[in-house]
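Heads up: the protein sequence lines correspond to chains A and B, in order.
Here UniProt numbering is used: the first residue of the first sequence is 1, the next is one more, and so on.
Here UniProt numbering is used: the first residue of the second sequence is 1, the next is one more, and so on.
Positions of the beta carbon are idealized from the N, C-alpha and C atoms, including for glycine.
Quantities reported herein were computed from a predicted structural model and do not represent experimental measurements.
There are 2 protein chains.
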Amino acid sequence: MAKQDRAIRTRQSILEAAAVVFDERGYDAATITEILARAEVTKGALYFHFASKEELALAVIDAQMPDTVQPAAPTSSSKMQELVDMGMIFAHRLLDDALLRGSVRLTLDHGSTNLNRSSPFHGWTELHTRILTEGKERGEVLPHVVPADTAELIVGAYAGINTMSQAVSNRVDLERRATVLYEHLMPSIAVPSVLARLDMAPGRGARALAEVERMRKSALDASEADEAEELGAAPAGVA
Amino acid sequence: MAKQDRAIRTRQSILEAAAVVFDERGYDAATITEILARAEVTKGALYFHFASKEELALAVIDAQMPDTVQPAAPTSSSKMQELVDMGMIFAHRLLDDALLRGSVRLTLDHGSTNLNRSSPFHGWTELHTRILTEGKERGEVLPHVVPADTAELIVGAYAGINTMSQAVSNRVDLERRATVLYEHLMPSIAVPSVLARLDMAPGRGARALAEVERMRKSALDASEADEAEELGAAPAGVA
Chain A
1 MAKQDRAIRT
11 RQSILEAAAV
21 VFDERGYDAA
31 TITEILARAE
41 VTKGALYFHF
51 ASKEELALAV
61 IDAQMPDTVQ
71 PAAPTSSSKM
81 QELVDMGMIF
91 AHRLLDDALL
101 RGSVRLTLDH
111 GSTNLNRSSP
121 FHGWTELHTR
131 ILTEGKERGE
141 VLPHVVPADT
151 AELIVGAYAG
161 INTMSQAVSN
171 RVDLERRATV
181 LYEHLMPSIA
191 VPSVLARLDM
201 APGRGARALA
211 EVERMRKSAL
221 DASEADEAEE
231 LGAAPAGVA
Chain B
1 MAKQDRAIRT
11 RQSILEAAAV
21 VFDERGYDAA
31 TITEILARAE
41 VTKGALYFHF
51 ASKEELALAV
61 IDAQMPDTVQ
71 PAAPTSSSKM
81 QELVDMGMIF
91 AHRLLDDALL
101 RGSVRLTLDH
111 GSTNLNRSSP
121 FHGWTELHTR
131 ILTEGKERGE
141 VLPHVVPADT
151 AELIVGAYAG
161 INTMSQAVSN
171 RVDLERRATV
181 LYEHLMPSIA
191 VPSVLARLDM
201 APGRGARALA
211 EVERMRKSAL
221 DASEADEAEE
231 LGAAPAGVA
C-alpha cells in the first residue's frame, strides 16, 4: 500500500516536471534528460512509468481533463452556471497549476511533430455537449441551440482566447477574457431567467473552485463515515 | 519598369514557396534550401529580398493582413455585415490560398522559437475595433458593447475555431464554424434591426469575395480612365 502510494507520487512528480519543461521549451525541444533533472528521479523510474517522450506528453495533455478527484465545476443551481464555471475555473487554475499550463501549451502548440493533441478538444466538447443537453432538458437553453455545435464553438473559442492571452499577457488576463466570452455567448444560449442569475464575473473561478474543494471534502468525509460504518457492521454481516 | 515588375513577381513566388514550406513543416523545421527548391530561384535572389528565415517568416505572417489590393470585406449597407464578411472571406480564402495558409500556420503555432507572431492579432483587433466604433456611431451596435473588448474577443475566438478546424478537419469546416460563431456573437453586438439583415450563412465568403473583386475591378477601370484622360489632357496642360 505504502509502495503503491510512493509509485503514484513518483508518477505525479515526473508528470509535473515534464509539464514545466514542455511549457518552457515546447515538445520538440524538450529532452528526457532535462525532465529527469527537474523531477529528481532515476531514468529507470521514469521509463517504468512512461515508455517514451511521446507517452509522457500524451499523459500531460490528458491531465487537463476533469476527473472524479478534480471535477470541472461545482454542482450548481443551473446547468448553465456549471458550463460557465468550467471555463472560469480553468482560467483561474491556469495561473499557477504547472501541470495544467504544460498541458495547455502542448495542446495549443501544433509543432512539427505528429503528436495527437485532439483528445482535450474531444473531451471538453463531449462534456459541454452533455451539460448543454441536460440544460436543454431542464428548459434552461434556448430552443434553436444545437448542443454539439454550441459545445464545439465554446471549446474552440475558449482555446482561441487562451492562445491570444498567452501571446499578449502570458495568460494573466485570461479570466477577464473568459468573462467577455461568456457575456457575449450566453445571451444566445441560455433563456433570460437563467441568464439573469449567471455569475460570469472575474473572480468566479476562485469562488467556484472553493465550492469544488468543499464538495470534495464533504464527499471524502462521507465515504470515511461509510467505511467506518461498514467496519462496525462487519461482524453482524458475517454469517 | 519591367525589371521592377520582375522583382515583385520574384518576391511573391519566394513568399508563396516559403508559405507552403512553413505550412507543411512549421517554422523550426523549415529550411531555406527547401524554400529555394520550391520557389526555383537562386540563393542570391532570395537573400536580395529577405535577409533571413525569420524575416521571410515575418513577411509571410504579415501577408494575411488586408491591404488596398485585397481589402478585408466589400463596402456594405451595414458595418456589422462588413465585420462578418471579414471572417467569412478569411475562411473561404483559407481553403486554397497557400500564402494565407502558411501565414495562419505560423501565427497560431507558438513553437520553441521567439518569432514575433503578435502582429496579426494586433492588426485584426485594430480593424475590428475601428469597424465596431463606426458601427456604434451609426447606431448599429448595442449600447453596452465596448469596441476594443468585443474586437479582441472576436479575433481570439476566431483564432480558436481556426485552430480547432485545423486539428479536426484540415480547415475544411472553418466556414461552417465561422457561421456558428457569428450566429452566437452577433445577437450580443448588433441591434435587432441590423441583426435581422445580416448574411452569416456558409457561402457568404464566396459571395462577399466576388463583391470585393468587382469593387477592385471597377476601381481599376476608373483609375485607368483617369490616366487616359490625363494623358489626353497632357498636351493642353503643357504651358
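Reduced DSSP category for residue i - H, G, I as helix; E, B as strand; rest coil
i: residue 146(A); result: coil
i: residue 194(B); result: helix
i: residue 141(B); result: strand
i: residue 112(A); result: Below a pLDDT of 50, predicted positions are generally treated as unreliable, and residue 112(A), at 48, falls in that range; no measurement from the model is reported.
i: residue 200(A); result: coil
i: residue 97(B); result: coil
i: residue 78(A); result: coil
i: residue 223(B); result: helix
i: residue 105(A); result: helix
i: residue 85(A); result: helix
i: residue 131(A); result: helix
i: residue 251(B); result: The structure shown has nothing for residue 251(B), since chain B only spans 1 to 239.
i: residue 189(B); result: coil
i: residue 177(A); result: helix
i: residue 117(A); result: coil
Nearest candidate by alpha-carbon position, reference residue i, set the options
i: residue 161(A); options: 140(B), 100(B), 108(B), 103(B); result: 108(B)
i: residue 91(A); options: 204(A), 131(A), 136(A); result: 204(A)
i: residue 208(B); options: 37(B), 83(B), 147(B); result: 83(B)
i: residue 157(A); options: 124(A), 66(A), 145(A); result: 124(A)
i: residue 136(B); options: 16(B), 86(B), 80(B), 181(B); result: 80(B)
i: residue 178(A); options: 186(B), 152(B), 180(B); result: 152(B)
i: residue 26(B); options: 44(B), 36(B), 53(B); result: 53(B)
i: residue 154(A); options: 181(B), 17(B), 198(B); result: 181(B)
i: residue 89(B); options: 30(B), 183(B), 206(B), 3(B); result: 206(B)
i: residue 87(B); options: 77(B), 96(B), 78(B), 72(B); result: 72(B)
i: residue 175(A); options: 127(A), 85(A), 42(A), 141(A); result: 85(A)
i: residue 168(A); options: 217(B), 117(B), 210(B); result: 117(B)
i: residue 134(B); options: 96(B), 78(B), 5(B); result: 78(B)
Buried versus exposed, by CB contacts within 10 Å (16 or more), residue i
i: residue 219(A); result: exposed
i: residue 138(B); result: exposed
i: residue 8(A); result: exposed
i: residue 67(B); result: exposed
i: residue 172(A); result: exposed
i: residue 146(A); result: exposed
i: residue 130(A); result: exposed
i: residue 150(A); result: buried
i: residue 16(A); result: buried
i: residue 57(B); result: buried
i: residue 64(A); result: buried
i: residue 102(A); result: buried
i: residue 166(A); result: buried
i: residue 128(B); result: buried
i: residue 2(B); result: exposed
i: residue 184(A); result: buried
i: residue 30(A); result: buried
i: residue 222(A); result: exposed
i: residue 5(B); result: exposed
i: residue 196(A); result: exposed
Anticipated Cβ contact below 8 Å, residue i with residue j, distance rounded
i: residue 59(A); j: residue 50(A); result: 7 Å
i: residue 100(A); j: residue 106(A); result: So it is not a contact: roughly 11 Å between Cβ atoms.
i: residue 74(A); j: residue 215(A); result: 6 Å
i: residue 21(A); j: residue 98(A); result: The Cβ separation is near 10 Å, so there is no contact.
Any non-hydrogen atom of the ligand MN within 7 Å of residue i CB
i: residue 49(A); result: Looking at this structure, you won't find the ligand MN or any other ligand, since it has none at all.
Practice prompt. Note down, one range per segment and in chain order, each alpha helix (DSSP H) of at least 4 residues found wholly within the region 2 to 74 of chain A.
Written response: 2 to 29, 32 to 39, 43 to 49, 53 to 62
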